[in-house]
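Below: one structure, written as structure tokens.
In the working numbering, the protein residues as written are 4 to 290.
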């Protein structure tokens with residue numbers, strides 16, 4: 004791994020990862036950036052706003068979403084990677100397909116953000132190992148009923164041992180599996196997967212409050228709370244995206260105060276200011 008990528012993995016302060024959804028049906032901005040020119044312009048706007056990483060996704064993971072074809076995902080992702088190369092911002096690829104991951108890495112991306120944490124396509128960890136890139140391993144229990152063609156089965160939102168305990172144990176088992184596939188520890192970032200098989204505030208806030216416990220695993224932690232539905236469960240107006248972004252920024256500040264590796268957000272400017280303050284708080288609290 005080159006020095007710049009290792010420095011990114013080992014960043015001492017919380018970073019802001021801007022979201023670029025090139026999808027028809029993402030829950031908060033589906034369809035807005037589907038046009039290649041619109042996607043390029045929004046990606047550049049994220050960089051100008053101060054995003055330290057841009058996360059490019061071409062397939063929605065919201066409940067009820069349908070899979071896009073492999074070719075469509077490739078076309079969308081590669082178009083964005085090429086269009087944003089001139090920003091100089093590290094590019095992360097939100098995909099569960101090894102073919103998309105490999106093509107994007109060869110085109111210049113440096114991070115693979117796999118919401119299935121290696122479960123959907125077991126070749127992704129091999130691609131990550133071969134390219135020596137960063138790998139975000141997210142906690143994963145499978146698609147919710149109705150998502151990506153999934154059929155109704157056992158309720159994936161039940162955590163018999165408590166959500167914090169079960170998510171940590173299951174996530175670290177996923178990490179063990181990708182390590183066994185050849186990925187090195189210094190490539191890995193973990194993500195507790197807020198909103199994935201975790202529909203309510205009662206599922207997600209224990210994970211946010213437990214950020215220190217997740218960090219104690221020894222891996223950097225990415226938090227993706229931006230605009231998610233559990234914010235409405237906590238009292239935020241579900242139809243007001245500005246209010247969701249304000250709530251996200253508040254969480255971003257707290258995540259920075261507790262040493263998250265990065266926060267994945269839609270409104271970069273709001274969370275960048277919040278992260279700056281959270282980082283200052285952490286600095287002086289530990290002085």
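Beta carbons: idealized from backbone N, C-alpha and C, even for Gly. Since we're looking at a predicted model, the values are computed, not measured.
> DSSP on residue 4, reduced to helix/strand/coil?
Replying inline: coil
>> Do residue 252 and residue 274 count as a contact pair if the criterion is CB distance below 8 Å?
In response: yes
>> According to DSSP, is residue 1 part of a helix, a strand, or is it coil?
In response: Outside the modelled stretch of the chain, which goes from 4 to 290, sits residue 1, for which no answer is possible.
> What residue range is occupied by the uninterrupted alpha helix (DSSP H) comprising residue 183?
Replying inline: Unbroken alpha helix (DSSP H) run through residue 183: 166–183.
> Smallest Cα separation from residue 264: which of 234, 236, 224?
Replying inline: 224
>> Relative to the C-alpha of residue 276, which candidate in 48, 27, 286, 259 has its C-alpha closest?
In response: 259
> Expressed to the nearest angstrom, what Euclidean distance is found between the alpha-carbon atoms of residue 91 and residue 201?
Replying inline: 35 Å
> At a cut of 8 Å, does the region 159–168 reach the region 121–138 through at least three beta carbon pairs?
Replying inline: no
> Hey, how far is the Cα of residue 79 from the Cα of residue 290?
Replying inline: 46 Å
> From residue 119 to residue 98, what distance separates their C-alpha atoms?
Replying inline: 9 Å
> Which term fits residue 60, buried or exposed, when burial requires 16 or more other beta carbons within 10 angstroms of its beta carbon?
Replying inline: buried
> Ends of the beta strand (DSSP E) at residue 141?
Replying inline: 137–141
>> Measuring only the C-alpha atoms, how far is residue 4 from residue 107?
In response: 17 Å
> Taking the alpha helix (DSSP H) that residue 266 falls in, what are its first and last residues?
Replying inline: Where residue 266 is concerned, there is no enclosing alpha helix (DSSP H), although the beta strand (DSSP E) it sits in stretches over 265–268.
>> So residue 9 and residue 189 are supposed to be a Cβ contact under 8 Å. How far apart are they, rounded?
In response: 7 Å
>> Assuming residue 49 is part of the alpha helix (DSSP H), what are its boundary residues?
In response: It spans 39–52 - the alpha helix (DSSP H) in which residue 49 sits, taken as one unbroken run.
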